[in-house]
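S.K.: Provided herewith is a single structure, encoded as structure tokens, for subsequent inquiry.
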Amino acid sequence: MVYGYARVSTRGQARDGNSPEHQKEELTSAGAIKIFCESFTGTEKHRPELDKLLSRLKKGDTVIVSKIDRIARNTKDGIEIIDTITDKGCRLHILNMGMFDNTPTGRLMKNIMLAFAQWERDQIIERTQSGREIAKLRSDYQNGRPKKIKDLVAFQKFLKM
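This note's numbering numbers the first residue of the sequence shown as 1484 and each following residue consecutively.
Here it is as structure tokens:
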């Protein structure tokens, strides 16, 4: 059986080409027959749809994902999830990377690519924290997103400040 797994964690991802619909199209085009889809953070190892998928796997099955960060956003969880797949005699096909299996080369590639996924997540956190610190220096900082200005006159006054 060929399964697909799609995941988004933010509304922004849905707008940025990672929408569930876009992922499902990619997975279907790659041969997925049954697709498990959820909106859940990749930093959580146990996700309802992923857990269902992993429990159904039988030797010879294939799991397809569009990108490695759809599986996990940190190295430890990613290794455990991918090992769960490959230890059952299944293959993992990551569309932008290729096939991962339980061979020495497959294990090496898994570790390298998951380290990059973790690094990318750490970079996002660092940039977000840096942006918050810069925002706190502004006189109009209110701990969160700036207020939306609905009135055009008020907006023009705001711009002149």
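Beta carbons are placed, not taken as given, at the ideal position from N, Cα and C, and that holds for glycine.
Does L1575 come out as helix, strand or coil in the three-state DSSP assignment?
M.R.: Residue state, collapsed to three classes: strand.
S.K.: Could you spell out the range, first to last residue, of the alpha helix (DSSP H) harbouring G1614?
M.R.: Per DSSP, G1614 belongs to the alpha helix (DSSP H) from 1587-1619.
S.K.: Whose C-alpha, out of A1489, S1538, N1579, L1536, is nearest the C-alpha of S1522?
M.R.: Of the listed residues, the one whose Cα sits closest to S1522 is A1489.
S.K.: Taking the straight line between their C-alpha atoms, what separation do you get for P1587 and N1594?
M.R.: Those two C-alpha atoms are separated by around 11 Å.
S.K.: Please give me, in chain order, every unbroken run of the alpha helix (DSSP H) with length at least 4 that falls completely inside the segment 1542-1574.
M.R.: Qualifying alpha helix (DSSP H) stretches, in chain order: 1558-1570.
S.K.: Could you have a look at E1527 and say whether DSSP puts it in helix, strand or coil?
M.R.: Three-state result, E1527: coil.
S.K.: For M1582, which residues does DSSP report across the bridge?
M.R.: Answer is H1576, bridged to M1582.
S.K.: In whole angstroms, what separates the C-alpha of I1608 from that of V1548?
M.R.: Cα to Cα, I1608 sits roughly 24 Å from V1548.
S.K.: In chain order, what residues of the same chain have a beta carbon less than 8 Å from the beta carbon of A1618, not counting five sequence neighbours either side?
M.R.: If we look at A1618 and ignore the five residues flanking it on each side, its Cβ neighbours are Y1624.
S.K.: So I1562 packs on I1554, CB below 8 Å; how close in whole Å?
M.R.: Rounded, the Cβ-Cβ distance is 10 Å, inconsistent with contact.
S.K.: Measure the Cβ-Cβ separation of R1556 and R1604 and say whether it is below 7 Å.
M.R.: A contact, by the Cβ cut-off of 7 Å.
S.K.: Please report the straight-line C-alpha distance between R1574 and E1504, rounded to a whole angstrom.
M.R.: Each residue's Cα considered, the two are about 23 Å apart.
S.K.: My guess is that M1592 and D1544 are in contact by the Cβ rule of under 8 Å, so how many angstroms apart are they, rounded?
M.R.: Contact doesn't hold; Cβ gap of about 20 Å is too wide.
S.K.: Please name the residue, chosen from H1576, D1584, N1579, that lies closest to T1569 on a Cα-to-Cα basis.
M.R.: It is D1584 whose Cα lies nearest to the Cα of T1569.
S.K.: If you draw a straight line from the alpha carbon of Q1506 to that of A1513, how long is it in whole angstroms?
M.R.: The alpha-carbon atoms of Q1506 and A1513 are separated by roughly 11 Å.
S.K.: Can you list, in chain order, the residues of its chain with a C-beta nearer than 6 Å to that of T1601? Leave out the 5 residues immediately preceding and following it.
M.R.: Sequence check: residue 1601 is Gln here, not Thr. Cβ neighbours of Q1601 beyond the five flanking positions: N1557, T1558.
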